[in-house]
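**Student:** Questions regarding the structure given below will be posed in turn.
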Amino acid sequence: MANREKKGLVMLYTGNGKGKTTAALGLALRAAGHDFSVFILQFMKGSETYGEIQAIRRHLPQITVEQWGRESFVSKTHPAWEDVDLAMKALSRAGEVIRSGEYDLVILDEINVALDFRLISLDAVMKLLDERPPHVDLVLTGRWAPQPLMDRADMVSEVQEIKHHYADGVPAREGIEF
Ligand code: ATP
Ligand code: MG
Numbered sequence: 018m019a020n021r022e023k024k025g026l027v028m029l030y031t032g033n034g035k036g037k038t039t040a041a042l043g044l045a046l047r048a049a050g051h052d053f054s055v056f057i058l059q060f061m062k063g064s065e066t067y068g069e070i071q072a073i074r075r076h077l078p079q080i081t082v083e084q085w086g087r088e089s090f091v092s093k094t095h096p097a098w099e100d101v102d103l104a105m106k107a108l109s110r111a112g113e114v115i116r117s118g119e120y121d122l123v124i125l126d127e128i129n130v131a132l133d134f135r136l137i138s139l140d141a142v143m144k145l146l147d148e149r150p151p152h153v154d155l156v157l158t159g160r161w162a163p164q165p166l167m168d169r170a171d172m173v174s175e176v177q178e179i180k181h182h183y184a185d186g187v188p189a190r191e192g193i194e195f
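Residue numbering for the sequence shown follows this note's numbering, beginning at 18 and increasing consecutively.
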C-alpha cells in the first residue's frame, strides 16, 4: 500500500506515436515493485493475447487487469451498440474501482479514444476525476485526448510519431505490439 497521505496525480499519455500504453504499463510495473496495488482497466480492448495481460496474470498478483471491449476494432463513425454498452459499463466499473480507494494506481487505458469516439461523455469522466479519493494516482491513455482533460491533468505527455515500422510493412509483432 502506498503512502495514503500523498497527493494523487492525474497523468495523461496521448499523441499519435507508439508508447502510450507501454508507458502506463511501465508505471504499473514500477508501482507493483513498491507493493502498491494497481488496477488496469482497458477500454475497447478484449484480447487475452496481449503479453502484458499474460505477464500480469502469471507473475504480478499486485496488479489487477480487466478488459472491457470486444476483440474486433470499433468503428468511429458507426460503433456497434455493444461497443457503446461496454465502454459505458467500463466507465461505471472505473468509478467503482476509483471511489473504493483500494487501489493506489488506477490506469484507464484507451479512455481518450473512447471519448474521441463518443462512446462515453467527457462530463462523466470529469466527474470521475472529481470524485477520486485524494491519494489515488490515475493514468489516462490514448490518442486524441480532449483539451479539457489535458487542462485538468497534472502531467501530460504527448508521444509524437517520427516514424513507425508499420509504414515499412512490418506487421504487428508479439512482444512489440501485443
Ligand atoms: P503501445 O501499446 O505499443 O505503447 P500505443 O498505446 O502508444 O502503443 P495506440 O495508439 O494505443 O498505441 O495503438 C495501438 C497499436 O497501434 C499498438 O500496437 C502500436 O504499436 C500501434 N501503433 C502505435 N502507434 C502507431 C503508429 N504511429 N503507426 C502504426 N501503428 C502504431
Ligand atoms: Mg495504447
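Note that the Cβ used here is the ideal one computed from N, Cα and C, for glycine as well.
In this text, all values refer to a predicted model and were calculated from it rather than measured experimentally.
1) Taking the continuous alpha helix (DSSP H) assigned at residue 164, which residues delimit it?
2) From 131, 148, 138, pick the residue whose C-alpha is nearest to that of residue 158; which is it?
3) What residue does the beta strand (DSSP E) around residue 83 start on, and which one ends it?
4) Going by beta carbon distance, what residues of the same chain come within less than 7 Å of residue 107, once the five residues before and after it are set aside?
5) Report yes or no: do three or more beta-carbon pairs, one from the segment 136 to 144 and one from the segment 173 to 192, lie closer than 8 Å?
6) Between which two residues does the alpha helix (DSSP H) containing residue 185 stretch?
7) Could you pull the start and end residues of the alpha helix (DSSP H) that residue 38 belongs to?
8) I need the straight-line Cα distance from residue 45 to residue 95, nearest angstrom please.
9) Can you look up residue 64 in the DSSP assignment and give me helix, strand or coil?
10) For residue 174, does the three-state DSSP call read helix, strand or coil?
11) Which partner residues of residue 31 appear in the DSSP bridge assignment?
**Tutor:** On the basis of the data shown:
1) Mapped onto the sequence shown, residue 164 falls at position 147. Per DSSP, residue 164 belongs to the alpha helix (DSSP H) from 164 to 169.
2) As a position in the sequence shown, residue 158 is number 141, starting the count at 1. When only C-alpha atoms are compared, the closest one is 131.
3) The residue you call residue 83 lines up with position 66 of the sequence shown. First-last of the beta strand (DSSP E) with residue 83: 80 to 85.
4) As a first step, residue 107 must be located in the sequence shown, where it is residue number 90. These residues qualify, in order along the chain: 58, 60, 85.
5) no
6) Within the sequence shown, numbered from 1, the residue matching residue 185 stands at position 168. Element bounds for residue 185: n/a, residue is neither H nor E.
7) Here residue 38 refers to the residue found at position 21 of the sequence shown. Looking at the DSSP string, the run of the alpha helix (DSSP H) that includes residue 38 is 37 to 50.
8) For the purposes of this step, residue 45 is identified with residue 28 of the sequence shown, where counting begins at 1. For the purposes of this step, residue 95 is identified with residue 78 of the sequence shown, where counting begins at 1. Whole-angstrom Cα-Cα distance: 33 Å.
9) For the purposes of this step, residue 64 is taken as the residue at position 47 of the sequence shown. Coil at residue 64, not helix or strand.
10) What you label residue 174 is simply residue 157 of the sequence shown in a count that begins at 1. Strand, per DSSP.
11) On the sequence shown, position 14 is the one that residue 31 refers to. DSSP output for residue 31 lists 175 as bridge partner(s).
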